[in-house]
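One structure below.
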Amino acid sequence: MRRPTFLLPAGALLLVPALALGLSGCARTSDTFKPRITVNNADGAASRAKSFVVDGYALDDTGVTQITVDGQPLPILPGSRKLAHFQFKTLIQGEKGQYTIVARDAAGNSSTLVLPVTVDPTRPSIQITRFERVGRVIRVSGVASDNSRVTQVAVDGNRLNITPGPKVEFYAETTGIWADIDAVDAAGNRATLRAR
229 MRRPTFLLPA GALLLVPALA LGLSGCARTS DTFKPRITVN NADGAASRAK SFVVDGYALD
289 DTGVTQITVD GQPLPILPGS RKLAHFQFKT LIQGEKGQYT IVARDAAGNS STLVLPVTVD
349 PTRPSIQITR FERVGRVIRV SGVASDNSRV TQVAVDGNRL NITPGPKVEF YAETTGIWAD
409 IDAVDAAGNR ATLRAR
């Protein structure tokens, strides 16, 4: 017994791929992810000088197409556009200023970061509240203060675990005859004191 044969019209085979392509367009998703901008010291960049380099990144799932600072386009440094690296040099008039950084992606999504900047030539101060020597062991405690914030305290070159702030209490044990204390603020200003 012969099976029946079905013949399709000549254009029917071309219709199947075209239909598949048309349906794949229905599955499109729109890009709603806004670029994320990060800058070192994004809570307020501080420097001893009026001009310094701000270094940062803009992160996007499809890639950053443009970065501007105060409306002026910045070159994106070589590397991945998904983690776009940028730098610019500040020029602050007076002691305070701010820069508006905007990052855009191909879909037109944008994010804005307003970066406050300050010029801070003032060094932190160190006050010893207790100094005790037992044999060769020295116990020293004190307070490091700054007009903005202390970011680092070290005793005899050993960095202490602190919470940065305008007033930081510290305690350390070391050996020797004296203890060299070093305090650094957010602008990089440094103060040293030899406790004996």
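Numbering-wise, the working numbering comes out as the position in the sequence shown, counting from 1, plus 228. Backbone N, C-alpha and C define an ideal beta-carbon position, used for all residues, glycine too.
Boundaries of the beta strand (DSSP E) in which residue i is found, first to last residue
i: R332; result: K324 to D333
i: L264; result: In the sequence as displayed, the identity of residue 264 is Arg instead of Leu. R264 to V267 is the extent of the beta strand (DSSP E) around R264.
i: D421; result: A small fix is needed here, since residue 421 is Leu in this sequence, not Asp. First-last of the beta strand (DSSP E) with L421: R418 to A423.
i: I295; result: V292 to V297
Cα-Cα separation, residue i to residue j
i: G299; j: Y327; result: 10 Å
i: P349; j: D333; result: 38 Å
i: R361; j: R367; result: 6 Å
i: S339; j: T420; result: 41 Å
i: V365; j: R358; result: 14 Å
i: V412; j: E401; result: 20 Å
i: P303; j: K310; result: 15 Å
i: R351; j: A335; result: 46 Å
i: P306; j: R424; result: 52 Å
i: G393; j: G325; result: 21 Å
i: K278; j: T403; result: 40 Å
i: I390; j: V342; result: 27 Å
i: D289; j: T260; result: 10 Å
Collapsed DSSP secondary structure at residue i in the structure displayed
i: S339; result: strand
i: P394; result: strand
i: N386; result: strand
i: S369; result: strand
i: K278; result: coil
i: Q355; result: strand
i: D408; result: strand
i: R364; result: coil
i: T346; result: strand
i: L251; result: Low per-residue confidence applies at L251: pLDDT is 47, beneath 50, and the placement is therefore not dependable, though the value from the model is reported in the following sentence. In this structure, L251 counts as helix in the three-state DSSP scheme.
i: A415; result: coil
Distance CB(residue i)-CB(residue j) smaller than 9 Å
i: T425; j: E323; result: Outside the shown range of the chain, which is 229 to 424, sits residue 425, and nothing can be said about it.
i: I265; j: T296; result: no
i: L355; j: V378; result: Correcting the residue type first, residue 355 is Gln in the shown sequence and not Leu. No, Cβ-Cβ distance for Q355 and V378 is not below 9 Å.
i: A312; j: D374; result: no
i: D408; j: V381; result: no
i: T416; j: S258; result: The amino acid at residue 416 is misidentified as Thr; the sequence shows Gly. Against a cut-off of 9 Å, the Cβ pair of S258 and G416 comes out as no contact.
i: G291; j: S308; result: yes
Among the options, the one whose alpha carbon lies nearest that of residue i
i: F280; options: S308, K317, E397 and D288; result: K317
i: P344; options: I409, W406, V267 and G416; result: V267
i: V282; options: Q315, A382 and E401; result: Q315
i: S369; options: W406, G336, A335 and G291; result: W406
i: R222; options: E397, V396 and D410; result: Absent from the model: residue 222. The displayed extent of the chain is 229 to 424, so no value can be given.
i: S376; options: A331, N389 and V396; result: V396
i: P263; options: G385, A273, A277 and L287; result: L287
i: S353; options: I320, L341, N337 and F398; result: F398
i: R422; options: N389, I390 and G385; result: G385
i: A273; options: F261, D289 and L319; result: L319
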